[in-house]
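Okay, so here's the structure we're looking at.
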Amino acid sequence: MAKISLEKIAQEIDQAELKAKDLLRFTAKFPKFTLEEGYRVQEMVLKNHLKRGAKLVGRKMGMTSKPKMIQMGITAPIHGFLTDRMQIPDGGELSLAGRIHPKIEPEIAFITSKELKGNPSLAEALAAVGAVTCALEIIDSRYKNFEFQLPDVVADNCSSSAFVLGSKLVLPAGLNLENLGMVMQVNGKSVAFGSSAAILGNPARSLVELVRILAKEKKALPAGSIVLAGGATMAVPLSQGDLVKLEVEALGSAEIKVKQ
Ligand code: OOG
Ligand code: MG
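Just so we're aligned, residue 24 is where the sequence shown starts under this note's numbering, counting upward by one.
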C-alpha cells in the first residue's frame, strides 16, 4: 500500500483550496490515515495560511449537533482554525469565486476575554467569555461531494471557508444558552429552524470541549479568540445572489449577501 506523506496531503489540500478544485478523500487511498495525523495535517495547512499573511483569530467546533452528525455521517466533535481572512462583516458580501460548493449554517459564537486552558467547568468557561453572538458559517469542503471520513475532514480544517459574526454582542450572564430559538432565512424564506440546545445541550459545552481538546495538544485558547460552537441545523447550499439572514433569540441577527 502507498505510504502516506502528511506534508503531501497538506499541500494537496492547500492547492485544492487555492484553486477551488475538489479532491478525493485521502482515507480511500490510505485507509490507515488516522485522526491524529489529520490534526497534524491541519497544523501544516494552518502554517501555510499564516505564511500567506493570514492571522489566527479563533477556533471552530464541528459536529456538535445531531442534525450535523446525521447530515455528514460523523459522530465525534472536531475542531478547526479561523483566520482573519475568513471573516466577512455582518451584512457583507460573499464571493463564490474561489469556492467549490459552499454551504451555510447557523451557529452561536463566543468571543473570549480571558485565556482558557486545561479542563474548565461550564461556569469557568463562561466567566472567560466577553461576548456571545450569533454567527453564520460558510463551509466548503475541499472533498468531492462533501464525502469524507473523520481524518479527512479534520485535515481539511473541518471544511472552514468563511464566517460572519452578528453585530449584537451580548454578555453571557443572564442568557439562557440552553434554549435560544434560531431561524435561518434564504431570500426571505425560512430554510432552517433550530435551538441552541441542539449544540451539545448548551453551546458553552462546545467551548469547554474545545478547551479540553486543546489542552491535550498542550495548547491554550488565548483571550480575544472567536469560537464558533458548531452548526445547530443541517447546512444549506448557497447560490449566486442569495441573501441569508440568521435570527437568534436574544442575540440579534447576522446577514450575508452572495455576489451575483
Ligand atoms: C464539516 C464541518 C462541520 C459544524 O458546524 O458542524 C461544522 C462539514 O460539515 O463539512 O462546521
Ligand atoms: Mg460549522
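C-beta atoms are modelled at their ideal positions from N, C-alpha and C, and glycine is treated no differently.
Practice prompt. Would you mind sorting N168 into buried or exposed? The rule is 16 or more other CB atoms within 10 Å of its CB.
Written response: Position 145 of the sequence shown holds residue 168. Per the 10 Å Cβ criterion, exposed.
Worksheet item: Who does A151 pair with in a DSSP beta bridge?
Response: Sequence index remark: in the sequence shown, residue 151 carries index 128 (1-based). According to DSSP, which records beta bridges pairwise, A151 is partnered with nothing at all.
Worksheet item: Does DSSP classify D37 as helix, strand or coil?
Response: Along the sequence shown, read from residue 1 onward, the residue named residue 37 stands at position 14. DSSP places D37 in helix when its eight states are reduced to three.
Practice prompt. Report back the beta-carbon spacing between T256 and P90 to the nearest angstrom; my notes put them in contact at under 8 Å.
Written response: Position 233 of the sequence shown, counting from 1, holds the residue named residue 256. Position 67 of the sequence shown, counting from 1, holds the residue named residue 90. The pair is a contact, with the Cβ atoms about 5 Å apart (cut-off 8 Å).
Worksheet item: Which ranges would you report for the beta strand (DSSP E) in the stretch 157–221 if only whole runs of at least 3 residues count?
Response: 183–188, 204–209, 212–218
Worksheet item: Under a three-way DSSP split, which group does M84 fall into?
Response: For the purposes of this step, residue 84 is identified with residue 61 of the sequence shown, where counting begins at 1. Correct three-state label for M84: strand.
Worksheet item: In angstroms, rounded to a whole number, what distance separates the CA positions of L272 and P195?
Response: In the sequence shown, counting from the first residue as 1, residue 272 sits at position 249. In the sequence shown, counting from the first residue as 1, residue 195 sits at position 172. The sequence shown places Glu at residue 272, not Leu. In a straight line, the C-alpha of E272 is about 13 Å away from that of P195.
Discussion item. Taking only three categories from DSSP, how would you classify K268?
Written reply: Here residue 268 corresponds to residue number 245 of the sequence shown, with the count starting at 1. Three-state DSSP puts K268 in a strand.
Item to complete: Indicate the three-state DSSP secondary structure (helix, strand or coil) for F133 in the structure shown.
Response: Your numbering for residue 133 matches position 110 in the sequence shown. Strand at F133.
Practice prompt. Please list, in chain order, all residues of the same chain as L29 whose beta carbon is under 8 Å from its beta carbon, the five residues on each side excluded.
Written response: By 1-based counting over the sequence shown, the position of residue 29 is 6. Result list for L29: E60, R63, V64, M67, in chain order.
Item to complete: Identify which residue in A243, K282, L274 has its Cα closest to the Cα of G264.
Response: Along the sequence shown, one-based indexing puts residue 264 at 241. Cα-wise, what sits closest to G264 is K282.
Practice prompt. Would you check whether ligand 1 has a heavy atom nearer than 8 Å to the C-beta of F104?
Written response: Indexing the sequence shown from 1 puts residue 104 at position 81. Flag unset: Cβ of F104 not near ligand 1.
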